[in-house]
Amino acid sequence: MDKEALMHKHKKLIIVGDSDFAQIAFEYFTHDSSYKVDAFVVERDYRTRDMLFGLPVVDLENIADNYNPSKYEVFIAVTYTQLNRVRTRLYHKVKSLGYKIASYVSSKAFIWQNVKYGENIFIFENNVIQPFAELGNNIILWSGNHIGHHSVINDNCFISSHVVLSGHCTVKENCFLGVNSTVANNVTIASDNWISPNSLITKDTEENKIYSSNNSIPSAVPAKKFFKVKEQ
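Just so we're aligned: the sequence shown equals residues 1 to 232 in the numbering used here.
Here's what the structure looks like:
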């Protein structure tokens with residue numbers, strides 16, 4: 001983002017969370033977006049401080065009392081806990097309060113002009129997203145990934161770093177793809193998959209499975225059981 005654009009911080013932002021990712025999100029929104037962060041919010045049972053970076057940390061339960069939904073946008077800065085379920089729950093909670101959901105796309109990412117993406121998206125630097133790719137809502141792309149042409153990433157996914165999705169791939173809902181994992185052309189990653197770091201996936205996967213780094217055979221333990229996912 002150019003310096004002139006950064007001087008005009010015309011959008012007000014609240015970040016949900018105060019952990020490492022929330023702190024990183026604060027840095028990126030502050031130095032590479034048109035947003036000005038005004039506060040952090042955390043669920044009351046998990047709030048352990050009152051200030052962060054000189055900004056208030058307030059109870060999520062009181063967010064609407066302190067920050068008018070018509071004046072603020074919100075980003076949910078939570079990683080992949082419970083196969084993205086915690087971030088997803090907070091995303092829907094904030095939307096139900098009437099807030100517009102913000103996204104961040106690094107000025108140092110390469111995203112082709114016809115790529116489509118939704119809200120609560122965070123795309124770090126050095127991501128390459130090729131023509132006709134589509135991203136749903138509530139997706140995190142950490143740094144340095146390659147998302148091939150005509151590929152689709154559905155809602156509530158976390159793509160770590162240096163992941164390769166080849167052309168015409170599909171990633172279904174609630175997935176995690178580990179560092180240096182690779183998905184071959186025309187492969188579908190089923191919902192609720194944990195793809196371990198350095199995995200090579202060459203054929204369609206099965207729902208609710210963990211795939212290790214040495215082959216495309218899933219673990220005997222279901223992914224949702226391993227990560228203690230609580231069904232809503």
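All residues carry an ideal CB built from backbone N, CA and C; glycine is no exception.
Residue i, enclosing beta strand (DSSP E) - first and last residue
i: residue 41; result: 35-42
i: residue 12; result: 11-16
As assigned by DSSP and simplified to three states, the class of residue i
i: residue 188; result: strand
i: residue 60; result: helix
i: residue 72; result: coil
i: residue 80; result: coil
i: residue 94; result: helix
i: residue 46; result: helix
i: residue 183; result: strand
i: residue 226; result: helix
i: residue 170; result: strand
i: residue 86; result: helix
Environment of residue i [buried if 16+ CB atoms lie within 10 Å]
i: residue 224; result: buried
i: residue 85; result: buried
i: residue 124; result: buried
i: residue 221; result: exposed
i: residue 87; result: buried
i: residue 110; result: exposed
i: residue 217; result: exposed
i: residue 181; result: buried
i: residue 148; result: buried
i: residue 233; result: Given that the chain is displayed from residue 1 to residue 232, the structure contains no residue 233 and the question cannot be resolved.
i: residue 53; result: exposed
i: residue 137; result: buried
i: residue 62; result: exposed
i: residue 112; result: exposed
i: residue 185; result: exposed
i: residue 68; result: exposed
i: residue 209; result: buried
i: residue 166; result: buried
Terminal residues of the alpha helix (DSSP H) in which residue i lies
i: residue 217; result: Counting along the chain, residue 217 falls outside any alpha helix (DSSP H), and DSSP gives it neither H nor E.
i: residue 25; result: 20-31
Cut-off 6 Å between Cβ atoms - residues of its own chain near residue i, not counting five sequence neighbours on either side
i: residue 116; result: 134
i: residue 174; result: 83, 84, 156, 191 and 192
i: residue 105; result: 123
i: residue 79; result: 21
i: residue 118; result: 136 and 137
CB contact check: residue i to chain D, cutoff 8 Å
i: residue 194; result: Of the protein chains in this structure there is only one, and it is not chain D.
Own chain, CB closer than 7 Å to residue i, minus 5 neighbours either side, in chain order
i: residue 22; result: 15, 40 and 77
- Message: Ignoring anything shorter than 3 residues, give me the beta strand (DSSP E) runs that lie fully in the segment 97-140, in order along the chain.
- Response: 121-123
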